[in-house]
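Let me begin by presenting the structure, written as structure tokens, before commenting on it.
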Amino acid sequence: MVHTAAWDAHPEPLTVASAPVPQYGGGSLADLLPTLAAGMGVPDMTAAITELSAADRNCVFLIDGLGWEQLRAHPDEAPFMTSLLAGSRGGSGNPITAGFPATTATSLASVGTGKPPGAHGLPGYTVRNPDTGELMNQLRWNPWTPPQIWQPYPTVFELAHRAGVHAAQVSSPTFENTPLTRVALSGGRFLGRLAGEERVDLAAEQLAAGDRSLVYTYYAELDGAGHRYGVDSDTWRGQLMYVDRLVQRLAEQLPPRTALYVTADHGMIDVPFDEDHRIDFDEDWELRAGVALLGGEGRARHVYAVPGAAQDVLTCWREVLGEQFWVASRDEAIEAGWFGPKIDERVHGRLGDVIAAARDDVLIIASEREPKESAMVGNHGSMTAAEQLVPLLEVRS
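Read in numbering that gives the first Met the number 0, the sequence shown has 164 at position 165, and its numbers run on one by one without any break.
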């Protein structure tokens with residue numbers, strides 16, 4: 000079974016080195032599609048997740064917000080996926096890691112490009128654009144930034160399509176023309192369907208459409224229920240029951256020589272609504288001192304200091320938060336490998352002067368700047384097991 004000691008350890012005081020870094024290069028979301036593509040003969044792809052066996056047809060079903068720990072905690076609501084847990088990650092019974100931060104825009108870019116955040120350049124929910132000095136929301140792509148300049152690498156779908164693999168994405172029509180789809184998931188055909196049943200049925204058809212096929216499908220509503228109501232809510236459980244039936248429906252339709260992989264972009268935790276668990280940046284003069292911009296999200300903050308104040312901000316944030324957050328300077332986080340083994344030059348200035356990742360069940364909210372995000376029940380972003388570990392369930396035909 001999975002070894003989670005690195006995520007369960009609680010050293011005091013927290014040090015940068017004690018943060019459980021994602022398994023880049025052999026067991027992260029960024030390694031999944033290159034592994035599958037390598038098995039189909041796509042040039043320049045590496046089978047980094049060594050536990051997986053090659054298949055002619057591969058389907059990735061990404062369920063937004065379904066962490067490994069949340070799935071294991073709900074066997075009654077997800078009996079089919081629970082039955083697949085022992086075979087996760089090629090029969091090892093282990094999860095993979097999302098990458099840091101464990102958030103949707105970052106994870107989808109890691110999946111689609113096959114590169115860690117330090118390379119693809121979407122290293123958070125909101126980050127500073129060094130060219131303009133503004134915060135850039137990478138999920139909503141606001142303010143507008145030229146997509147191919149922000150993320151110039153081809154996706155694995157594009158490379159597979161060029162190599163003669165039938166590549167297709169089956170998702171909500173809402174996502175067809177978004178900049179995030181363009182930089183993270185483009186390549187081959189996009190087929191939009193609203194109903195979950197229609198999506199999985201069409202995904203099965205697309206798998207059968209080529210001798211070698213790479214198909215991606217996506218379900219977002221579980222994440223939405225978690226944010227609004229929490230992962231301890233009946234609404235979230237109802238969504239989990241529904242998506243479990245979708246996975247089984249797809250598994251039962253797989254054409255021959257197919258491997259279906261069910262994974263997620265991050266897990267999630269519920270954070271209580273009190274001052275001990277929700278630290279309000281907008282009301283805390285110590286945390287605000289010397290800060291020009293607050294980026295990221297509640298459990299994974301990019302902090303941009305006014306010129307000359309970076310060291311003072313780092314010292315203050317460590318003193319205030321050091322027993323609950325891993326707090327690192329930009330250089331320390333890079334050296335520790337939080338964003339991957341290397342950082343592209345264009346990405347360096349997008350990272351905070353100070354980066355804070357929550358260990359405990361706490362948030363740094365910003366009630367005035369981020370009222371909607373500050374009101375969410377379920378949250379994610381950091382490197383704890385609940386957020387970082389995601390399943391890699393497998394069904395083969």
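Don't be surprised by glycine CBs; every beta carbon is placed ideally from N, CA and C. As the structure is a prediction and not an experimental result, all values here were calculated from the model.
Chain-order list of residues whose beta-carbon lies under 6 Å from that of residue i (same chain, five-residue window excluded)
i: D279; result: I364 and S366
i: D30; result: A47 and I48
i: N57; result: L35, L213 and A258
i: F60; result: T216 and V261
i: A53; result: G38
As assigned by DSSP and simplified to three states, the class of residue i
i: I278; result: strand
i: T82; result: Residue identity check: residue 82 is Ser in the sequence provided, not Thr. Three-state result, S82: helix.
i: E393; result: strand
i: H2; result: Confidence is the limiting factor: at H2 the pLDDT is only 45, short of 50, which leaves the residue's position unreliable, though a coordinate-based value still follows. Note: H2 maps to coil in three-state DSSP.
i: V376; result: coil
i: Y241; result: helix
i: Y268; result: Reading the sequence as shown, one finds Ile at residue 268 and not Tyr. Three-state result, I268: strand.
i: S381; result: coil
i: R188; result: strand
i: A258; result: strand
i: R139; result: coil
i: T234; result: helix
i: L121; result: coil
i: I364; result: strand
i: Y152; result: coil
i: G339; result: coil
i: L201; result: helix
i: P370; result: helix
i: T285; result: According to the sequence as given, residue 285 is Glu; it is not Thr. In this structure, E285 counts as helix in the three-state DSSP scheme.
i: G145; result: This sequence places Pro at residue 145; Gly is not what is there. Reduced to three states, the DSSP call for P145 is coil.
i: A309; result: helix
i: Q247; result: helix
i: D222; result: helix
i: E196; result: helix
i: L253; result: coil
Same chain, Cβ closer than 7 Å to residue i, neighbours up to 5 away in sequence not counted
i: R192; result: V169, R198 and L201
i: E285; result: C315 and V319
i: F174; result: T180
i: A104; result: L121, Y124, Q137, L138 and L179
i: H119; result: A108, S109, T112, Q150 and Y152
i: A167; result: G187, R188, L190, Q205 and V214
Identity of the residues DSSP links to residue i by a beta bridge
i: E322; result: E322 is not bridged to any residue.
i: V302; result: L293 and V353
i: A398; result: Past the boundaries of the shown model lies residue 398; the chain is included only from 0 to 396, so the question cannot be answered.
i: H165; result: S212
i: S170; result: G191
i: R181; result: For R181, which the question treats as bridged, DSSP gives no partner whatsoever.
i: L388; result: T96
i: R127; result: L134
i: Y217; result: L61
Cut-off 8 Å between Cβ atoms - residues of its own chain near residue i, not counting five sequence neighbours on either side
i: W140; result: P146, T177, P178 and L179
i: Y228; result: T234, W235, V376 and G377
Closer than 7 Å: residue i CB and nearest the ligand HEM heavy atom
i: A16; result: As far as ligands go, the structure on display features none, and thus does not contain the ligand HEM.
Neighbour flag for residue i against chain D, beta carbons, 8 Å
i: G321; result: Included in the structure is just one protein chain, with no chain D present.
Segments of 3+ residues assigned as beta strand (DSSP E) that fall wholly inside the region 4-75: 56-62
Would you call the region 291-306 and the region 59-71 touching, i.e. three or more CB-CB distances under 8 Å? no
Ranges of the alpha helix (DSSP H) found wholly within the region 90-115, counting only runs of at least 4: 103-112
Does the region 238-246 come within contact of the region 89-98, defined as at least 3 CB pairs closer than 8 Å? no
Quick one: any contact between the region 104-113 and the region 268-275, if contact means 3 or more CB pairs under 8 Å? These segments do not touch.
So does the region 349-363 actually touch the region 228-236, counting three or more Cβ pairs closer than 8 Å? no
If contact is defined by three or more beta carbon pairs under 8 Å, each pair taking one atom from either stretch, is the region 77-87 in contact with the region 290-299? no
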